[in-house]
Each structure stands twice: as structure tokens, then as C-alpha cells.
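Participant:
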Amino acid sequence: MLSINAPAKINLYLHITGRRLDGYHLIDSLVAFADISDKIAVSSASNLSLKVSGPFADNLRSANNLVTKAAKLLALHNGFKQGAALHLTKNLPVASGIGGGSADAAATLLILCRHWDLSLPHNVLFQIAGQLGADVPVCLQGQASFVGGVGNEITLAPGLPEGWLVLVNPGIPVPTPQVFERHAGAFSKSSRFDQTPNNISELAALLRERTNDLTEAAMTVAPIIGDTIKALDGCRGALLTRLSGSGGTCFALFEHENDAKKAGNALTKRKPNWWVRVAPLLTKWPSIAEHN
Numbered sequence: 008m009l010s011i012n013a014p015a016k017i018n019l020y021l022h023i024t025g026r027r028l029d030g031y032h033l034i035d036s037l038v039a040f041a042d043i044s045d046k047i048a049v050s051s052a053s054n055l056s057l058k059v060s061g062p063f064a065d066n067l068r069s070a071n072n073l074v075t076k077a078a079k080l081l082a083l084h085n086g087f088k089q090g091a092a093l094h095l096t097k098n099l100p101v102a103s104g105i106g107g108g109s110a111d112a113a114a115t116l117l118i119l120c121r122h123w124d125l126s127l128p129h130n131v132l133f134q135i136a137g138q139l140g141a142d143v144p145v146c147l148q149g150q151a152s153f154v155g156g157v158g159n160e161i162t163l164a165p166g167l168p169e170g171w172l173v174l175v176n177p178g179i180p181v182p183t184p185q186v187f188e189r190h191a192g193a194f195s196k197s198s199r200f201d202q203t204p205n206n207i208s209e210l211a212a213l214l215r216e217r218t219n220d221l222t223e224a225a226m227t228v229a230p231i232i233g234d235t236i237k238a239l240d241g242c243r244g245a246l247l248t249r250l251s252g253s254g255g256t257c258f259a260l261f262e263h264e265n266d267a268k269k270a271g272n273a274l275t276k277r278k279p280n281w282w283v284r285v286a287p288l289l290t291k292w293p294s295i296a297e298h299n
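Each residue of the sequence shown is one higher than the one before, starting from 8 at the first, in the working numbering.
#1: Put Ala141 into one of helix, strand or coil per three-state DSSP.
#2: Nearest-angstrom Cα distance between Ser44 and Ser195?
#3: What is the residue span of the alpha helix (DSSP H) that Phe194 lies within?
#4: For Val101, which beta-bridge partners are listed by DSSP?
#5: Within 8 angstroms, do at least three Cβ pairs link the stretch 36-55 to the stretch 87-97?
#6: Counting only runs of 3+ residues fully inside the stretch 36-74, write out the beta strand (DSSP E) ranges in chain order.
#7: Along the chain, where does the alpha helix (DSSP H) containing Pro184 start, and where does it finish?
#8: Can you grab the Cα-Cα spacing for the pair Gly241 / Asp234, in whole Å?
#9: Assign Asn299 to one of two classes, buried (16 or more other C-beta atoms within 10 Å of its C-beta) or exposed (fewer than that).
#10: Using beta-carbon positions only, say whether Phe133 and Leu117 come within less than 9 angstroms of one another.
#11: Within 10 angstroms of the Cβ of Ser50, are there 16 or more other Cβ atoms? Answer buried if so, exposed if not.
#12: Please look up how many angstroms separate the CB atoms of Thr203 and Pro165, rounded, as I've assumed it's under 8 angstroms.
#13: From the DSSP output, in three-state form, read off Asn299 for me.
#14: Could you check if Tyr192 is buried or exposed, using at least 16 other CB atoms within 10 Å of its CB as the buried criterion?
#15: Unbroken beta strand (DSSP E) runs of length 3 or more, entirely within the stretch 215-275: which are they?
#16: Apart from the five residues just before and just after Arg26, which ones in its own chain have a Cβ nearer than 7 angstroms to its Cβ?
#17: Going by other Cβ atoms of all chains shown within 10 Å of its Cβ, with 16 needed for buried, is Ser109 buried or exposed?
#18: Ala39 and Val175: beta carbons closer than 9 angstroms?
#19: Starting from Ile23, follow its DSSP beta bridges and name the residues at the other end.
#20: Evaluate the contact criterion for the stretch 206-215 versus the stretch 251-267: three or more CB pairs, one atom per stretch, below 8 angstroms.
#21: Between Ile179 and the rest of its own chain, which residues show a CB-CB distance below 7 angstroms, the 5 nearest in sequence each way excluded?
#22: With distances taken from CA atoms, which of Lys269, Tyr20, Ser251 is nearest Met226?
#23: Report the option in Ser36, Asn159, Trp171 whose CA atom is closest to the CA atom of Asn130.
#24: Is it right to say Thr115 is buried, meaning 16 or more other beta carbons lie within 10 angstroms of its own, or is it exposed?
#25: What are the partner residues of Arg284, as DSSP defines its beta bridges?
Here's what the structure looks like:
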């Protein structure tokens, strides 16, 4: 049996730079990952199947989620020569702005390529990823990256320093299409940077010069996002607080593990119904584990 983690995607900043005639928005974003993840395992089988477990399993239907879609697309490319029994452990909230479904899809492509012994060209795998959703290609890239276009233009970012994240989701799904539909105002300019920050404080300073353009729109869909950001703002040691993606997960960036864990514990006590997690900032994944 093989297994792979599918870590949470974090939009460290997200600018809306335009809109195409077909309605799709153009973005400029710096994407990294948090060391907290869903997990996908695969074993041999004659047909494709998916079992879903974990704390957020009830929020998914196995018949039409991105893991199933990714497996079917790859199987179609492979001529449906083999099956696989997939098991998704769903630890990340659904419709939460941290790319859980997208990371799951990317991880599915990677682990099935290994399981089926496929050696697909880089561009072919990314074409398949692009058919699954705007965030899937950057998750497939698996490294901190600047993302442009409609998610299809990916450039590796300068090396990012070590740091810690506190992730908070107030428990309300936030549908991405609704947020983009409600985005109003002028478009932003691309704000990529070339310098490599020496430490997490320097990274936070660069990020404070940027923003998440979807924040106001997301708060019209789920006003509690404002309370979530405010709660994180009050945490000692927080260098930056921000909405990730289209929400509703928000994050705070910390330099020290101890400060992040204290903040996470305090928020859990104050808001026991919120999903609160503390994790290191990841700039690279994945690794596939093999089990007997």
C-alpha cells in the first residue's frame, strides 16, 4: 500500500488582476503550504473505488469529489488498464480556502502514477491537473510558487524562511464561486517580489505590502470571517493575519513555535466550535510512503 499527504494550500497573498471575457478572474498569488493535511492511500484492485473517512468525511460525496475525478481522468489517459482502491482521510475542512480538494486531486494524480507505474510527461500531467480546478496545478507543483492567469501560470518563488501558522476556520463553508461573484472594485497589479526573505519577519513585511483582494467579498458571504481575523489579530506574536483563498479559513503567521501553540490553545479555549490548527509553514511537498 502507498500513501501520500495532501497538505493545506495557503495563499500568502492574493490579488485579482483582471477578468477574462468568459468570466474567469485573473490572479496574482503567492502560494505555500501548511504541514497539516488530508491523506490518500492506494492499494491494488480490479476497479476504481474510493472510501472516505476522517472528521470531515460527511461533508463529501465520494461519487463526485476531486479524488474520484482525478482518478477517472488519469485512468482515461491510461486506457482504463488498471483499477485502484483509494482511501481518503479527510482532515481539512471542505470549501474552506485552503485547497483541500485541490491538494487531494494533485496527490491522487501523483500516487496513482506511482501505483500504476506511469511515466507521464510533465506537461501532460499538468494538463490533467488543469482540468480538475484552478488550484490543482500549483498543488501538483508542490513548492512555494507565484500563481498567475487563472491558476495555470506557475513560477517557483524565492526560498521562503521557516515559520509557523495558526489556521482557524469558523465552521461555515464558503463557496468559491459566490465569493468571486461578489468581488467588486478596481483590479490590483501583480506584486511579485524577487528578493529572498532572510527570516519570517522579513517575509511578513513583504506580505503586509500585499493583501487578499477577496476578503471583503468573502465577508459578505460569511460575516464571521471578520470575527476570525480579529481573533487572530489579538494573538501575541502574530506577524500577519489574513484570509486564505476565498475563505473561510484565516491564518496568522508566527516566528516562534511556542507563540503559535499558545495562540492556538487560547483560541481553542475561547472558540471550542472553531477548527484551530497549528502547523509549520511548508515550502515543498510531497513524499510517498510505502507500507506493507
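Even glycine gets a Cβ: it sits at the ideal position worked out from N, Cα and C.
Facilitator: Concretely, from the data shown:
#1: As a working mapping, residue 141 is identified with position 134 in the sequence shown. Ala141: coil per DSSP, three-state reduction.
#2: Looking up residue 44 in the sequence shown gives position 37. Looking up residue 195 in the sequence shown gives position 188. Roughly 31 angstroms separates the two Cα atoms.
#3: Counted from its first residue, the sequence shown places residue 194 at position 187. Neither: Phe194 is in no alpha helix (DSSP H) and is coded neither H nor E.
#4: One-based indexing of the sequence shown puts residue 101 at position 94. Val101 pairs with nothing; no bridge assigned.
#5: yes
#6: The qualifying runs are 55-60.
#7: The residue you call residue 184 lines up with position 177 of the sequence shown. If you look at Pro184, you'll find it in the alpha helix (DSSP H) that goes 183-189.
#8: Here residue 241 refers to the residue found at position 234 when the sequence shown is read from its first residue. Here residue 234 refers to the residue found at position 227 when the sequence shown is read from its first residue. Each residue's Cα considered, the two are about 11 angstroms apart.
#9: The residue labelled residue 299 in the question sits at position 292 within the sequence shown. Confidence in Asn299 is poor, its pLDDT being 47 and thus under 50, which makes the residue's placement unreliable; the coordinate value appears in the next sentence. The Cβ neighbour count for Asn299, taken over all protein chains shown within 10 Å, is under 16; the residue is labelled exposed.
#10: As a working note, residue 133 is residue 126 in the sequence shown. As a working note, residue 117 is residue 110 in the sequence shown. Not a contact, by the Cβ cut-off of 9 angstroms.
#11: Counting from one through the sequence shown, the residue named residue 50 turns up at place 43. Looking at its Cβ environment, which holds fewer than 16 other Cβ atoms inside 10 Å, Ser50 is exposed.
#12: Locating residue 203 in the sequence shown gives position 196, where the first residue counts as 1. Locating residue 165 in the sequence shown gives position 158, where the first residue counts as 1. Yes, they are in contact, since the Cβ atoms of Thr203 and Pro165 sit about 4 angstroms apart, within 8 angstroms.
#13: Counting from one through the sequence shown, the residue named residue 299 turns up at place 292. A caution first: Asn299 carries a pLDDT of 47, below 50, which makes its placement in the model unreliable, though a value can still be read off. Note: Asn299 maps to coil in three-state DSSP.
#14: Position 185 of the sequence shown, counted from the start, is the residue given in the question as residue 192. Contrary to the premise, residue 192 reads as Gly rather than Tyr in this sequence. So Gly192 counts as exposed.
#15: Secondary structure remark: continuous beta strand (DSSP E) runs of at least 3 residues inside the stretch 215-275, in chain order: 245-250, 257-261.
#16: The count along the sequence shown starts at 1 and reaches residue 26 at position 19. If we look at Arg26 and ignore the five residues flanking it on each side, its Cβ neighbours are His32, Leu33.
#17: For the purposes of this step, residue 109 is taken as the residue at position 102 of the sequence shown. Under this definition Ser109 is a buried residue.
#18: The residue labelled residue 39 in the question sits at position 32 within the sequence shown. The residue labelled residue 175 in the question sits at position 168 within the sequence shown. No. Outside cutoff.
#19: Here residue 23 refers to the residue found at position 16 when the sequence shown is read from its first residue. Looking at the DSSP output, Ile23 shares a beta bridge with Ile34.
#20: yes
#21: Working through the sequence shown from its first residue, we reach residue 179 at position 172. Ala229, Ile231, Gly255.
#22: Working through the sequence shown from its first residue, we reach residue 226 at position 219. For the residues Lys269, Tyr20, Ser251, the minimum Cα distance to Met226 belongs to Ser251.
#23: To locate residue 130, count along the sequence shown from 1; it is residue 123. Out of Ser36, Asn159, Trp171, Asn159 has the C-alpha closest to the C-alpha of Asn130.
#24: Within the sequence shown, numbered from 1, the residue matching residue 115 stands at position 108. With 16 or more other Cβ atoms within 10 Å, it is buried.
#25: Translated into the one-based positions of the sequence shown, residue 284 becomes position 277. Leu174.
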